[in-house]
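**Q** If you read the sequences in order, they're chains A and B.
In terms of the numbering used here, the first sequence has 356 at position 66, counting the first letter as 1, and numbering is strictly consecutive.
In terms of the numbering used here, the second sequence has 84 at position 93, counting the first letter as 1, and numbering is strictly consecutive.
C-beta: ideal position from N, C-alpha, C; glycine also.
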Amino acid sequence: MSVVKHVVGAHYGLRDWLVQRVTAVLMAVYTVVFVGILLICPPQHYGEWRALFENQLMRMATFLFFVSLFWHAWIGVRDILMDYIKPTSVRLGLEIVVAVLLVGYAGLAIQILWSL
Amino acid sequence: MIASDRPKYLDLTKIRQPVPAIVSILHRISGATLFLFAGVLLYLFQESLSSPESYVRFRAIADHWLAKLFLTGMLWAFLHHFFAGLRYLLLDMDIGSELRTTRAMSWGVLGTSLALTVVLGICLW
């Protein structure tokens, strides 16, 4: 049996499925830890809020969270586009817009975290 | 062949959706919403962190009722996506795929995310 592979398809593998779950677990763990930090010692003013992310471990964890978020969003949004947008040209156009946006967001996240 | 009375249309408004179906479509809607507003949220995060002046601006924006309404909406979208996502991870491990449990867990997802939105929303306002 031959499978027709579309350039705007999901690449017919387990990889995206797995990536979506691994990134989800990473974000869930980060969220629980972050909420825990806010509950145990809530930052009272700007200095404490900034200090939280100046911590190297927190900076890396937050960076990992953002990378997971944007990769996760890419798979999810592409799934939605594959379900509702049928013409290849329109879907490809929207996928490019989404990809550029998400890469841009990742760049902005790096800039925010490493200009502290 | 016996003629069937079953409807042949697929009108979503005429089909009574089971709870897991509602949780499922809300998972998609909440995910899409979070993506659409990710830029705004990232901008707010930047304003809160980059300098003491931008932090003051951030507080002023966040104190506006419209921003609070927006953030409450984002909070629900995040919480629903979070708990529905946890349920899918459990389903992947074949936990809770039995009909009774899956209905109970779907109600749990809807209820928990709404309840937490109310509690955290009250803190926000």
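(1) Rounded to whole angstroms, what's the CA-CA distance from isoleucine 402 of chain A to serine 41 of chain B? Just pull it up for me.
(2) Can you tell me which of the three DSSP states methionine 372 of chain A falls into?
(3) Considering only the alpha carbon of each residue, which of B/Leu60, B/Ser39 and B/Ala75 lies closest to alanine 318 of chain A?
(4) Do you know offhand how far leucine 57 of chain B's Cα is from alanine 51 of chain B's?
(5) Would glutamate 38 of chain B be called buried (16 or more neighbouring beta carbons within 10 Å of its own) or exposed?
(6) Have a look at glycine 87 of chain B and glutamine 346 of chain A and give me their C-alpha separation to the nearest angstrom.
(7) Please go through the same chain and pick out, in chain order, the residues whose beta-carbon is closer than 7 Å to the beta-carbon of serine 358 of chain A, but skip the five residues on each side of it.
(8) Assuming leucine 18 of chain B is part of the alpha helix (DSSP H), what are its boundary residues?
(9) Apply the 10 Å Cβ neighbour rule to tyrosine 395 of chain A and answer buried if 16 or more other Cβ atoms are within range, or exposed otherwise.
(10) Which residues in chain A have a C-beta closer than 8 Å to the C-beta of phenylalanine 36 of chain B? List them in chain order.
(11) Taking C-beta pairs closer than 7 Å, name the residues in chain A that arginine 19 of chain B reaches, listed in chain order.
(12) Do valine 47 of chain B and leucine 186 of chain B come within 8 Å of each other at the CB atom, strictly closer than that value?
(13) Shorter than 8 Å from the beta carbon of phenylalanine 74 of chain B to some beta carbon of chain A?
(14) Glycine 102 of chain B touches chain A at which residues, Cβ-Cβ below 9 Å?
(15) How many Å lie between valine 393 of chain A and serine -5 of chain B at the Cα?
(16) Once DSSP output is grouped into helix, strand and coil, what is the label at cysteine 331 of chain A?
**A** For this structure:
(1) Within the first sequence, numbered from 1, the residue matching residue 402 of chain A stands at position 112. Within the second sequence, numbered from 1, the residue matching residue 41 of chain B stands at position 50. Each residue's Cα considered, the two are about 7 Å apart.
(2) The sequence position of residue 372 of chain A within the first sequence is 82, counting from 1. Methionine 372 of chain A: helix per DSSP, three-state reduction.
(3) Walking along the first sequence from the start, residue 318 of chain A turns up at place 28. Measuring from the Cα of alanine 318 of chain A, the nearest candidate turns out to be B/Ala75.
(4) Residue 57 of chain B sits at position 66 when you count from the first residue of the second sequence. Residue 51 of chain B sits at position 60 when you count from the first residue of the second sequence. Between leucine 57 of chain B and alanine 51 of chain B, the C-alpha separation is close to 12 Å.
(5) For the purposes of this step, residue 38 of chain B is identified with residue 47 of the second sequence, where counting begins at 1. Buried is the call here.
(6) The residue labelled residue 87 of chain B in the question sits at position 96 within the second sequence. The residue labelled residue 346 of chain A in the question sits at position 56 within the first sequence. Glycine 87 of chain B and glutamine 346 of chain A: Cα-Cα distance of roughly 39 Å.
(7) Taking the first residue of the first sequence as position 1, residue 358 of chain A is located at position 68. These residues qualify, in order along the chain: Thr313, Leu316 and Met317.
(8) Stepping through the second sequence from its first residue, residue 18 of chain B is reached at position 27. In the sequence as displayed, the identity of residue 18 of chain B is histidine instead of leucine. Its alpha helix (DSSP H) spans residues 10 to 27.
(9) Counted from its first residue, the first sequence places residue 395 of chain A at position 105. Buried is the call here.
(10) Within the second sequence, the letter at position 45 stands for residue 36 of chain B. Simply Ile402.
(11) For the purposes of this step, residue 19 of chain B is identified with residue 28 of the second sequence, where counting begins at 1. The answer, in chain order, is Ile370.
(12) What is shown of chain B runs -8 to 116, which leaves residue 186 of chain B out entirely.
(13) Position 83 of the second sequence, counted from the start, is the residue given in the question as residue 74 of chain B. It does not; no Cβ of chain A falls within 8 Å.
(14) The sequence position of residue 102 of chain B within the second sequence is 111, counting from 1. Under the 9 Å cutoff, chain A gives no residues; its nearest Cβ is about 19 Å from glycine 102 of chain B.
(15) Taking the first residue of the first sequence as 1, we reach residue 393 of chain A at position 103. Taking the first residue of the second sequence as 1, we reach residue -5 of chain B at position 4. Taking the straight line from one Cα to the other gives about 53 Å.
(16) Here residue 331 of chain A corresponds to residue number 41 of the first sequence, with the count starting at 1. DSSP places cysteine 331 of chain A in coil when its eight states are reduced to three.
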